[in-house]
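Visitor: Top to bottom, those sequences are chains A and B.
Under the numbering used here, the letters of the first sequence match residues 54 to 327, in that order.
Under the numbering used here, the letters of the second sequence match residues 17 to 293, in that order.
I have a structure I would like to understand better, so I am pasting it below and will then ask my questions one at a time.
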Amino acid sequence: MSEVSTATAGRTLSVRGLGKSYGTGADENWIIRNLDLEVPPGEFVSIVGPSGVGKTTLLRSLSGLVPPTEGGVFIDGDELRAPHPEIGVVFQDYSRSLLPWMTTVENVAFPLQGKGVGKAERLGIAERNLAAVGLGGKGNLYAWEMSGGMQQRVAIARALAYDSKILLMDEPFASVDAQTRLDLEDLVVDLHTNLGVTIILVTHDIDEAVYLADRVVVIAERPAHVVDEIHTGFGSHRDQVETRSDPRFAEARGRILTLLRSGVAAITQSVAQP
Amino acid sequence: MKSRTQQTSPERGRRSSRRQAAARGSKAAVVVRRIVAIALLLVLWQVAVLTGIAPGLTPRVDRVALALIEILGRADFWLALLQTVSAALTGVAIATVVGVTIGLLVGSIPAAGRAVGLILDFGRSFPTIALLPVLILVIGANWRMEVLVVSLAAVWPILVQSLYGAQQMTSAASEMTRSYRIPPLLKFRRVLLPSALPMISTGIRIAVAISILVAVGVEVLSQTPGLGRLITLAQGGGRWDLAFAYLFLIGCFGWGVTALLARAEGRLLRWNRLGEK
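Shown next, in the form of C-alpha cells:
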C-alpha cells in the first residue's frame with residue numbers, strides 16, 4: 054500500500070467490441086454496441102456524449118459492475134468480470150455513496166478495511182488522501198456537515214486511498230455550483246499530474262471534457278459507440294482562463310458540438326467518410 | 017472553501033443554540049401540559065367514583081395511591097416485577113436476534129422480500145396468546161413458556177421493520193460496496209445494519225411495549241408467577257385498589273423503558289436525525 058498512491062506500474066484498459074443490451078428477442082434494446090477504446094496507463098480520457106446516450110451504463114461496464122452482453126473490457130489483457138481491486142469509482146451521487154453513519158476518515162478508510170488493511174494503517178492512509186484533496190484535518194466531520202463540493206472531494210479521496218491505478222468518474226461535478234466545479238476540475242487535473250493515475254471521466258459537459266482530458270472520446274447514440282476522438286494536446290498544464298481561451302480549446306469544442314448537434318445521420322456519415 | 021466554512025459555522029452555531037433554547041422552552045410547556053392532563057384525569061376518576069357514576073368496584077384514587085405505597089414496600093411485588101420484566105426483556109432479546117437476522121437477510125434479497133409478504137402479514141396479525149393453552153400443555157405454566165410466548169409476539173414488529181430497513185439501503189450504497197469489493201460480512205455489519213438501524217429501533221420499541229402486554233397477559237391467564245398473577249390474586253381477594261396500583265406501576269414501567277430506548281436511539285442514531293435537516 055503506497056502513501057498517497059503513486060501509480061508505478063499502470064494498467065492498460067481496453068474495451069473491445071463492447072455491447073450491452075437489456076431485454077431479449079424483439080424487445081432487445083441495445084444501449085451500447087461495437088464500442089472500442091484503448092486507454093494506456095496514466096492517460097486522462099473524458100468520454101462525452103449527450104444525456105441518455107448510455108454513458109453511465111458504459112462506466113458501469115468499465116467498472117465491472119454490469120457484465121457486457123457482447124465483447125468485453127480488459128485490464129492488461131485480462132477480461133474484467135467483476136469490480137477490480139485497482140479500479141476506483143467516483144459516483145455522480147456522492148451524497149448517497151458516502152455512508153452517513155461514518156465520519157469522513159472512516160468513509161475513506163472503509164474500502165481498505167475490505168482489503169484487510171489494519172485499522173491504524175488504513176486511518177493513516179485515509180488522512181493522507183484527505184489531505185491530498187484539500188481536506189486535511191476534516192476527517193472527523195460527517196458527510197452532512199460538508200458542502201457538496203467537499204463531499205465529492207471525500208469520494209475522490211476514497212477512490213485514491215483504495216490505491217486505484219484507474220479512476221472512473223461518472224459526471225462527478227454535475228451537482229455542485231459553478232465555482233466549486235472549477236475548483237474540483239483543477240483538483241482532478243493536479244491529482245492526475247501528481248499521481249499519474251489513469252482517469253476516465255464521463256460527462257455531458259463538452260467544455261469540461263476538453264478542459265480536463267488528454268483525449269476526448271465522443272460517443273453518440275443509439276446504441277452508444279465511439280464517433281470521434283480528439284487529442285487536446287494541452288500537456289499537463291491547465292489554467293481555467295488560459296486553457297479555455299486557447300485556440301485548440303475552441304477548435305475541439307466546436308468540433309464536438311457540431312458532432313453532437315448534427316445528430317445520428319451526420320455522425321454516421323462522418324464516420325463513413327473520415 | 018476554507019473561508020466559506022468559517023463563515024457558516026458560527027452562524028450555524030448561533031442558529032442551533034437558538035433552536036435548542038426554543039426546544040427547551042416548548043419541552044417545559046409539554047411537561048406542564050402532561051401533568052395537567054394527568055391531574056385532570058385523576059380528578060375526573062375521583063369524582064366519578066364519589067358520585068357513583070363509575071362501576072361499583074372501582075376504587076377511589078386515594079385508595080389506589082395508598083395501595084401503591086403499600087406495594088412498593090412489599091418483597092413479593094419486587095420479585096414479581098423481576099419475573100415479569102426478565103421474561104419480557106428476554107423475550108424481546110430473543111425476538112431481536114431472530115427478527116433482525118431474518119429480516120435483514122430476507123430484506124436484502126428483493127425477490128425474497130416480495131415472497132414473504134403474505135407470511136409476514138399472517139404472522140403479524142396472529143393472536144399469539146391463542147397459542148397459550150397448547151404451550152402450557154407442552155411446556156407448563158412457567159417462566160420459559162412465558163419467554164417463548166413473548167418472543168413469538170415480539171418477533172413480528174422487529175422482523176417487519178428489519179425487512180423494510182434492509183430495503184432502505186440505497187442503490188448508491190450497494191453500488192459503492194460492490195465496486196470497492198466490500199466482503200459480505202463487513203457489508204452486513206457496516207452498511208446494511210446501520211442503514212436499517214432507524215427502522216429496527218422503531219421495531220424494538222414496538223416490541224418492548226408488546227412484550228410487557230403479553231408477559232402480563234400470560235401471567236393473568238396462566239397464573240405463571242409475575243405481576244399478572246399478583247393482579248388476579250388482588251382481584252380474587254377483592255383488593256381492587258391493589259389491582260389498579262399494579263396496573264399503574266406496569267404502565268409506569270412501560271413508559272420508562274420506552275423513554276430509555278428513545279434516548280438510546282437519539283444518541284446512537286444521531287447521524288440519522290441530523291442528516292435529515
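Built from N, CA and C at the ideal position, the CB exists for glycine as well.
Since the structure is predicted, the reported quantities are computational estimates derived from the model, not experimental observations.
Quick check on residue 185/B - is its C-beta less than 8 Å from some C-beta in chain A?
Guide: With 8 Å as the cut-off, residue 185/B does not count as an interface residue toward chain A.
Visitor: Using 8 Å as the limit for Cβ to Cβ distance, is residue 152/A near chain B?
Guide: Residue 152/A counts as touching chain B.
Visitor: Taking the Cβ atom as the reference point for each residue, do residue 239/A and residue 293/A lie within a distance shorter than 8 Å?
Guide: Yes. Within cutoff.
Visitor: Per DSSP, what are the beta-bridge partners of residue 157/A in this structure?
Guide: In the DSSP output, where bridge partners are listed per residue, residue 157/A has none listed.
Visitor: Just mark residue 232/B as buried or exposed, buried being the case when its beta carbon has 16 or more other beta carbons within 10 Å.
Guide: Residue 232/B is buried by the Cβ-count criterion.
Visitor: Can you pull the chain A neighbours of residue 235/B, defined as C-beta to C-beta under 7 Å?
Guide: In chain order: nothing, as chain A lies at least about 40 Å away.
Visitor: Please name the residue in 73/B, 248/B, 217/B whose C-alpha comes closest to that of residue 176/B.
Guide: When each option's Cα is compared against that of residue 176/B, the closest is 217/B.
Visitor: Let me check understanding here. Comparing Cα to Cα, which of 199/A, 101/A, 160/A lies closest to residue 176/A?
Guide: The candidate whose alpha carbon is nearest that of residue 176/A is 160/A.
Visitor: Beta-carbon of residue 228/A versus every beta-carbon of chain B: anything under 8 Å?
Guide: For residue 228/A, the answer is no, since every Cβ of chain B falls outside 8 Å of its Cβ.
Visitor: Determine whether the Cβ of residue 281/B lies closer than 8 Å to any Cβ atom of chain A.
Guide: For residue 281/B, the answer is no, since every Cβ of chain A falls outside 8 Å of its Cβ.
Visitor: Against chain A, with Cβ distances strictly below 8 Å, would residue 195/B count as a contact?
Guide: Interface residue, yes.
Visitor: Determine which residues of the region 195 to 215 of chain B have a Cβ less than 9 Å from any Cβ of chain A, and write them out in chain order.
Guide: Correct list: 195, 196, 197, 198, 199, 202, 203, 206, 207, 210, 211, 213.
Visitor: Taking Cβ to Cβ, would you say residue 223/A is nearer than 8 Å to residue 65/A?
Guide: No. Outside cutoff.
Visitor: Given a threshold of 16 other Cβ atoms within 10 Å of its Cβ, counted over all protein chains shown, does residue 141/A qualify as buried or as exposed?
Guide: The residue in question, residue 141/A, is buried, as its Cβ has 16 or more Cβ neighbours within 10 Å.
Visitor: Please name the residue in 193/B, 277/B, 112/B, 93/B whose C-alpha comes closest to that of residue 259/B.
Guide: Nearest option by C-alpha distance: 93/B.
Visitor: Short check: CB of residue 285/A to CB of residue 308/A, under 8 Å?
Guide: No, they are not a contact pair.
Visitor: Going by CA-CA distance only, name the one from 267/B, 230/B, 78/B, 273/B that's closest to residue 143/B.
Guide: Looking at the Cα atoms, 230/B is the closest of the given residues.
Visitor: DSSP three-state call for residue 139/A: helix, strand or coil?
Guide: Correct three-state label for residue 139/A: coil.
Visitor: Pop quiz: residue 102/A and residue 272/A are said to be a contact at Cβ under 8 Å. What is the actual Cβ separation, rounded to whole angstroms?
Guide: Correct: roughly 4 Å between the Cβ atoms.
Visitor: Is the beta carbon of residue 187/A sitting closer than 8 Å to the one on residue 124/A?
Guide: No, they are not a contact pair.
Visitor: Taking Cβ positions, are residue 221/A and residue 253/A nearer each other than 8 Å?
Guide: Yes, these two residues count as a Cβ contact at 8 Å.
Visitor: Any Cβ of chain B within less than 8 Å of the Cβ of residue 163/A?
Guide: Interface residue, yes.
Visitor: Run the CB neighbour count on residue 138/B, radius 10 Å, all protein chains shown included, and call it buried at 16 or more, exposed below.
Guide: Classification for residue 138/B: exposed.
Visitor: Just to make sure I have the definition right: I need the residues of chain B whose C-beta is within less than 7 Å of the C-beta of residue 118/A. Which are they?
Guide: Neighbours of residue 118/A on chain B, chain order: 191, 194, 195.
Visitor: With burial defined as no fewer than 16 other Cβ atoms inside 10 Å of the residue's Cβ, what is the status of residue 78/B: buried or exposed?
Guide: Residue 78/B comes out exposed.
Visitor: Among 277/A, 213/A, 81/A, whose alpha-carbon lies nearest the alpha-carbon of residue 112/A?
Guide: The residue with the shortest Cα to Cα distance from residue 112/A is 277/A.
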